[in-house]
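Protein chains in written order, with the numbering used here: chain A, 1 to 419; chain B, 420 to 838. Read through the structure below, which is laid out as C-alpha cells, and then see the notes.
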C-alpha cells in the first residue's frame with residue numbers, strides 16, 4: 001500500500017518535473033497573463049468554491065473542530081476576493097527568472113554569467129487555511145516552478161475546488177499541464193512526499209512545530225523551514241521609556257497569532273523600576289497574560305510565574321513571558337539560547353550596545369528600536385512571501401520569489417580550453 | 420555504544436558552536452594573521468607530519484591499498500608546501516563576513532540591510548587526501564565557521580598530525596579553541612555526524628557517489644552535495660571541426676580524474692562522417708578508451724559498445740562514451756536525463772542553437788564553445804573552493820567562501836511600529 005502510494009506520487013512528481021522544464025522557459029508575459037486569468041476565474045467560480053468550503057465546514061463541525069480552526073478554514077466572498085487580488089499582485093511583481101545576478105570576463109576571454117533559473121518542483125505542506133493553495137500556486141508559477149500541494153484533510157474540498165479553478169485557467173492560458181497538482185489531504189502523503197528525492201527540488205512545510213520538526217528529521221528532499229517565531233524584545237538600560245512601551249505593545253498585540261509577534265520581553269535590571277510598571281499596565285489593558293521570571297514576580301506578585309517550559313515557547317496568543325537580566329551580555333546569550341532565530345529586537349539609546357546586539361544575535365532579522373512585526377515579505381519590499389525562513393541555508397528571513405529560484409552559470413566562449 | 424558516540428560528538432559540536440559564536444566576530448586581520456601563522460607552522464612541522472604520513476602509508480600497504488590510493492594519501496615536502504601556500508592564498512582572499520549584500524530604506528524610514536554572516540559549525544566528510552584537512556580548515560576559518568573534520572581511516576595519522584599543527588598555530592593567534600576539531604576516522608562517526616541537527620549548520624560530503632547518496636538520504640543536517648560530474652560535450656551540426664577536436668580532447672584528457680572532465684560525447688548525425696574520425700583518432704592517441712552507441716560502433720566497428728550502464732556513469736578515467744543524436748532537442752533531453760547537473764557544453768556555430776542549449780540544460784554550468792574543465796573556483800575567480808555543488812539549494816557550482824556563509828537582516832529604526 002505504501003509502496004503503491006510512493007509509485008503514484010513519484011509519477012505525479014515526474015509529470016510535474018516535465019511540466020517544470022517547459023514552465024521554466026515561458027516568458028514573463030505568458031505567466032502574468034495566466035495569473036490574471038486565474039484571478040478572474042476565482043471570481044467567476046465563487047459559488048462552486050464556497051459550496052466546497054461549506055462541505056468542509058460541515059464535516060469540520062461534525063468532527064468537532066475548534067471555532068478558531070473553523071474560522072481559519074472558512075472562505076467568504078471577501079476572502080476569495082483577497083486571494084484573487086493576491087494573484088494579481090504576484091502578476092505585477094518582477095519576474096526573478098532570467099535575472100543576471102552577476103557576470104564577468106574570464107582572463108581567457110569567456111563571458112561568465114550567473115543567471116537565475118527556477119528550482120523545478122516544489123512541494124508545499126500546509127494546514128487549515130485554503131488561501132495558502134492560491135498563494136503557493138501564484139508564487140511557484142511566477143518563479144517558474146511546478147507545485148505539489150498537500151493541504152490539510154479538513155480543507156480538502158476547498159483546496160480541490162480552488163486548485164481545479166486555478167488549473168483550468170492556467171492551462172487554458174499557456175501554463176503546461178501538470179504544473180499544479182493538488183495531492184490528497186491524507187497524512188500518509190506527507191511521509192512519501194518528503195522522500196521524493198530527487199524528483200522534488202524543495203519541500204516547504206507550513207504549520208506547527210511538530211510538523212516542521214518531523215519534516216526536517218525525515219525528509220530526503222531539501223527542506224525550507226519556515227515560521228516558528230519565539231521573538232524577544234530586549235529593553236536595555238538606556239531604553240527610552242515611551243519608545244519601549246510603543247514597541248513592546250505593537251510587537252505583542254498588533255497581531256499576536258503570527259510568527260513575528262513578540263513572545264518574550266527581557267528587561268535590564270536598571271530599568272525595571274521605571275519601565276516595567278507602565279509596560280505591564282499597557283499589556284494588562286490589552287488583555288495580555290504576563291508570565292514572569294522570579295525577579296519580575298517579586299516586582300509584581302500578582303503575576304503568574306513563568307516555568308522553564310515558557311522560555312522556548314511560541315505562544316501565538318496574547319501571552320508574554322518577562323525576564324529581568326543583569327546585562328546586555330546576558331540578554332544576548334539568553335536570546336541565542338532560547339530564541340528561534342526569527343526576529344529579535346533591542347530598544348536602546350546606546351550606540352555601542354546597539355552595535356554589539358546586532359552583531360552577536362543569531363537570527364534572520366535583528367532590530368534596533370523597531371518592532372519585530374516588520375519581518376515580512378511585504379514590509380521588506382518583496383511583494384509577497386511564502387513564509388519566513390528560520391534556517392540558514394539557501395534563504396533566511398522572508399522567502400519571496402527570488403528565494404524560490406536557483407542559479408546557473410552560463411559560460412560563452414570562442415573555443416577556450418584549460419591549460 | 421552508539422548513543423555514547425552521539426553524546427561525545429554532540430559535546431564536540433556544542434563546543435565548536437560556542438567557538439563559532441566568537442570566531443564569527445573576529446576581525447579579518449585576526450583571521451588572516453592566524454592563517455599565515457598556520458601556513459608557517461605547517462612548514463616548520465614538516466618532519467612530524469611526514470612521519471605520521473609514513474605510518475599511514477605503511478599501514479595502507481599492509482592493508483593492501485591500491486597504488487593510486489596510496490599516491491593520493493602520500494604527502495611530500497612539495498605537497499606540504501602546496502598546503503601552506505593555499506592557506507596563504509586563503510588569507511589573501513576577501514573576507515565574505517560583514518559584506519552588505521543589499522540594503523534599502525523602508526517607507527517608514529528604517530534602514531534594512533542584508534549582511535553576510537558565518538553559518539556556524541560545518542562538518543566535512545572526506546576520504547584519502549590529507550590536504551583536504553588543511554583546505555577545509557582554511558576556508559571554514561576564513562568564513563568564520565568552526566569545522567568538524569571527518570577524514571578517512573586510512574589517513575588518520577596524517578590528518579591528526581596536520582590538525583594538531585593547525586590548531587596550535589590557530590589558537591596561539593587568536594582563533595577560539597574548539598574551532599577546529601578532527602574526529603576519529605571510523606565510519607560510525609559519519610552516521611552520527613550527519614544527524615547532529617541542529618548543532619551542525621551544514622555537512623559537506625566529499626567523496627564517491629555512494630558516500631554522497633548515503634549522506635543525502637540519511638542526514639538531518641542540511642547537506643551540500645558536491646562533485647559527481649557526468650559531463651557531456653555536444654557537437655552540434657554546425658560545430659567547427661578544429662574547435663570541436665580541441666575542446667573534446669581538453670575536456671577529456673587534460674585531467675581525467677576530476678569532476679569537470681567530460682565523460683560523454685554526443686555527436687549530431689550530420690557531423691559524424693566529418694568529425695568523428697579525427698576525434699576518435701585524437702582520443703586513441705591520448706590513450707582514451709571509447710565506448711560507442713550502436714551508431715557509433717557502426718561507424719567504427721573496432722569500438723567497444725557502450726552498455727546502458729555507461730550513460731549515467733562518471734568514469735574519472737581515460738574513458739569516454741560516444742553517442743550519435745539526431746537533433747539538438749535529442750541532445751538536450753539526453754543530457755537532462757543522464758547528466759549529473761554539473762557541467763555541460765555545446766560546440767556550435769549557430770546562435771539560435773547555442774541560446775536554446777544554455778536555456779534548456781539543467782546544470783550548474785553550461786558552456787558554449789569552451790571546455791567543461793573551467794568549472795572551478797579558481798577559474799571562476801573565487802580564489803579557492805571546497806567543491807562544486809551539483810544541488811540547487813543554497814549554492815550551485817563552485818563553492819567558495821561566500822557560499823560558506825548565510826545572511827541576516829539588520830533593521831535600524833527610531834521607534835517604528837507596524838500599523
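Built from N, CA and C at the ideal position, the CB exists for glycine as well.
Chain B places a beta carbon closer than 8 Å to that of residue 409 (chain A), counting this residue as a contact. Short of 6 Å from the beta carbon of residue 262 (chain A), and not among the five residues preceding or following it, lie these beta carbons of its own chain, in chain order: 231, 233, 251, 252 and 372. Within chain B, no residue has its CB atom less than 9 Å from the CB of residue 23 (chain A), the nearest being about 12 Å off. Close to chain A, meaning a Cβ-Cβ distance shorter than 9 Å, are the following residues of the region 793-819 of chain B: 793, 794, 795, 798, 799, 800, 810, 811, 812, 813, 814, 815, 816 and 817.
Where residue 409 (chain A) is concerned, the enclosing beta strand (DSSP E) starts and stops at 405-416. The alpha helix (DSSP H) runs of length 4 or more contained entirely in the region 31-70 of chain A are, from start to end of the chain, 46-62. The count of Cβ pairs closer than 8 Å, one atom from the region 819-828 of chain B and one from the region 793-803 of chain B, reaches three, so the stretches are in contact.
In this structure the region 607-619 of chain B does not lie against the region 725-743 of chain B, because fewer than three pairs of beta carbons, one per stretch, are closer than 8 Å.
In summary, residue 187 (chain A) is exposed, with fewer than 16 beta-carbon neighbours lying within 10 Å of its beta-carbon over all protein chains present. Residue 519 (chain B) counts as exposed, since fewer than 16 other beta carbons sit within 10 angstroms of its beta carbon.
Residues of chain A with a Cβ closer than 7 Å to the Cβ of residue 832 (chain B) are, in chain order, 367, 368, 369 and 370. Going by beta carbons, residue 547 (chain B) and residue 492 (chain B) fall inside the 8 Å limit. Annotation: the continuous alpha helix (DSSP H) that includes residue 582 (chain B) extends over 575-590. Residue 655 (chain B) sits buried, since 16 or more C-beta atoms from the chains shown fall within 10 Å of its C-beta. The C-beta of residue 463 (chain B) has fewer than 16 other C-beta atoms within 10 Å across all chains shown, which makes the residue exposed. In this structure, residue 665 (chain B) and residue 417 (chain A) form a Cβ contact; the two beta carbons are roughly 6 Å apart against a cut-off of 8 Å. Within its own chain, the residues whose Cβ lies closer than 7 Å to the Cβ of residue 558 (chain B), once the five positions on either side in sequence are excluded, are 509, 803, 805, 820 and 823, listed in chain order. Judged by beta-carbon spacing, residue 168 (chain A) lies beyond the 8 Å limit of residue 55 (chain A), meaning their Cβ atoms are not closer than that value. Residue contact with chain B for residue 106 (chain A): present (Cβ-Cβ distance below 8 Å to some residue of chain B). For residue 243 (chain A), the number of other beta carbons within 10 angstroms of its own is at least 16, and it is reported as buried. Contact with chain B is found for residue 112 (chain A), since one of that chain's Cβ atoms lies less than 8 Å from the residue's Cβ. In the displayed model, residue 623 (chain B) falls within a strand according to three-state DSSP.
By the neighbour-count definition (other C-beta atoms within 10 Å, threshold 16), residue 366 (chain A) is a buried residue. For the region 73-89 of chain A, the set of residues with a beta-carbon nearer than 7 Å to any beta-carbon of chain B is empty. Within the DSSP bridge table, the entry for residue 651 (chain B) names B:683 and B:763 as partners.
Here residue 540 (chain B) has 432, 435, 436, 439, 564, 565, 567, 618, 619 and 620 as same chain residues with Cβ atoms under 7 Å from its own Cβ, once five neighbours each way along the sequence are excluded.
Secondary structure of residue 723 (chain B) (DSSP, three-state): strand. Burial state of residue 770 (chain B) is exposed, judged by a 10 Å Cβ sphere holding fewer than 16 other Cβ atoms. 8 Å or more divides the Cβ of residue 75 (chain A) from the Cβ of residue 134 (chain A). For residue 408 (chain A) and residue 67 (chain A), the gap between their C-alpha atoms comes out near 48 Å. Under the three-state reduction of DSSP, residue 338 (chain A) is assigned to helix. With three or more CB-CB distances shorter than 8 Å, the region 739-754 of chain B counts as touching the region 693-712 of chain B. At a cut-off of 8 Å between beta-carbon atoms, residue 197 (chain A) makes contact with chain B.
Rounded to whole angstroms, residue 762 (chain B) and residue 419 (chain A) show a C-alpha spacing of 18 Å.
For residue 126 (chain A), the closest of A:185, A:395, A:302 and A:39 by C-alpha to C-alpha distance is A:185. Chain A places a beta carbon closer than 8 Å to that of residue 837 (chain B), counting this residue as a contact.
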